[in-house]
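Numbering (the working numbering), first residue to last: 18 to 283.
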């Protein structure tokens, strides 16, 4: 496994020697990385490689851990549930809200961890800003049931932003979005300047979004590096069976990365 170090004080520090399944057996092993302030980390790997388990370990949903996970230098397991919720927001893969909720009321749920700490006016201002930042201001009175899939995904992101987190965990946030919606959502996330750990399946989205990439296979870290050094055949072929190469864009001349399954078109 390769590593990239940063001199910036990490927001998140993960050192996992092993993480066990509730019924026994190893889920994760030998995973070590930091995420600095404002840094976007993409976690990639085949189905079953441990990506979602890693996110669940960070928020203490899985606790059979030999190792340490720290937020701003403090062990996450030492934080209360409320303290974790005040600093870490999660956009889960299968968010199932009450579809009768108005969008603005759904987004306001993100303020629950801070309920007693600021005025009602400040809460409302934060919710409005999150709705505006996600381009949903004209839809704020609509029920979730009246929104498209892409609009609901942006509403879920607005709820996460309303939580005012220091760290955001995204589990396949571009699922069910069209290509334009995928790029738009990740661009929106990146513009927030928050530290993000995002599980992504679409490799073509990574170079424009991620500062670092963690590649997992069978619950272990294969490599941890900048995108241009991870998204190459040397690493991708043994894990995904993919090769990777770049070609100049015919209009701009900018290098465009292509992923290919060798022999698939033959």
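For glycine and all other residues, C-beta sits at the position ideal for the given N, C-alpha and C. Everything numeric in this text was worked out from a predicted model, so none of it was measured.
Discussion item. Count Cβ pairs between the segment 105-120 and the segment 170-178 that sit closer than 8 Å; are there 3 or more?
Written reply: Segments in contact, yes.
| said: Can you look up residue 70 in the DSSP assignment and give me helix, strand or coil? | reply: Taking the chain shown and counting its residues from 1, one reaches residue 70 at position 53. Three-state result, residue 70: helix.
- Task: Enumerate in chain order the residues of its own chain whose CB-to-CB distance from residue 250 is below 6 Å, with the five nearest sequence positions on each side excluded.
- Result: Against the chain shown, residue 250 aligns to sequence position 233. Cβ within range, chain order: 260, 261.
- Query: Quick one: Cα of residue 184 to Cα of residue 127, how far?
  - Reply: The residue given as residue 184 occupies position 167 in the chain shown. The residue given as residue 127 occupies position 110 in the chain shown. When rounded, the separation of the alpha-carbon atoms in residue 184 and residue 127 is 14 Å.
Item to complete: Please name the residue or residues paired with residue 216 in a DSSP beta bridge.
Response: Along the chain shown, read from residue 1 onward, the residue named residue 216 stands at position 199. In DSSP, residue 216 forms a bridge with 60, 188.
Limits of the unbroken beta strand (DSSP E) element including residue 87
Stepping through the chain shown from its first residue, residue 87 is reached at position 70. Here the beta strand (DSSP E) through residue 87 covers 82-88.
Q.
Taking 7 Å as the limit between beta carbons, can you name the residues of its chain near residue 278, skipping five residues before and five after?
A. Counted from its first residue, the chain shown places residue 278 at position 261. Correct list, in chain order: 258, 259.
- Over the uninterrupted alpha helix (DSSP H) stretch that includes residue 150, give me the two end residues. In the chain shown, the residue the question calls residue 150 occupies position 133. That run of the alpha helix (DSSP H) goes 137-150.
Nearest candidate by alpha-carbon position, reference residue 161, set 116, 95, 201, 112
Here residue 161 corresponds to residue number 144 of the chain shown, with the count starting at 1. Here the closest residue by C-alpha is 116.
**the segment 91-105 contacting the segment 34-41, beta-carbon criterion three pairs below 8 Å** = By the Cβ test, the segment 91-105 is not in contact with the segment 34-41, since fewer than three Cβ pairs between them sit closer than 8 Å.
Quick check: residue 151 and residue 205, are their CB atoms within less than 9 Å of each other? Here residue 151 refers to the residue found at position 134 when the chain shown is read from its first residue. Here residue 205 refers to the residue found at position 188 when the chain shown is read from its first residue. Yes, these two residues count as a Cβ contact at 9 Å.
Notebook entry, point to check: Around the C-beta of residue 19, are 16 or more other C-beta atoms found within 10 angstroms, so that it is buried, or is it exposed?
Noted result: Numbered from its first residue, the chain shown carries residue 19 at position 2. Unreliable placement is indicated for residue 19, whose pLDDT of 45 sits below 50; the coordinate value is still reported in the next sentence. It counts as exposed.
- prompt: Along the chain, where does the beta strand (DSSP E) that runs through residue 239 open and close?
  reply: On the chain shown, residue 239 is found 222 positions in, with the first residue counted as 1. Element bounds for residue 239: 237-242.
Check your understanding: What whole-angstrom Cβ distance do residue 215 and residue 190 have, given they're in contact under 8 Å?
Key -> One-based indexing of the chain shown puts residue 215 at position 198. One-based indexing of the chain shown puts residue 190 at position 173. Yes, residue 215 and residue 190 are in contact; Cβ-Cβ is about 6 Å, under 8 Å.
Local Cβ density within 10 Å of residue 22, reported as buried at 16 or more and exposed below that:
Here residue 22 refers to the residue found at position 5 of the chain shown. With a pLDDT of only 44 at residue 22, under the threshold of 50, the placement of this residue in the model should not be trusted, and no figure is reported.
* Asked: So what does DSSP say about residue 47, is it helix, strand or coil?
  -> For the purposes of this step, residue 47 is taken as residue 30 along the chain shown, with counting starting at 1. Secondary structure of residue 47 (DSSP, three-state): strand.
- Using DSSP with H/G/I as helix, E/B as strand and the rest coil, what is residue 76? Counted from its first residue, the chain shown places residue 76 at position 59. In the structure shown, residue 76 sits in coil (DSSP, three-state: anything other than H, G, I, E or B).
Figure out for me which residue from 263, 234, 223, 268 has the closest Cα to the Cα of residue 252. If you number the chain shown from 1, residue 252 lands on position 235. For residue 252, the nearest C-alpha among the options comes from 234.
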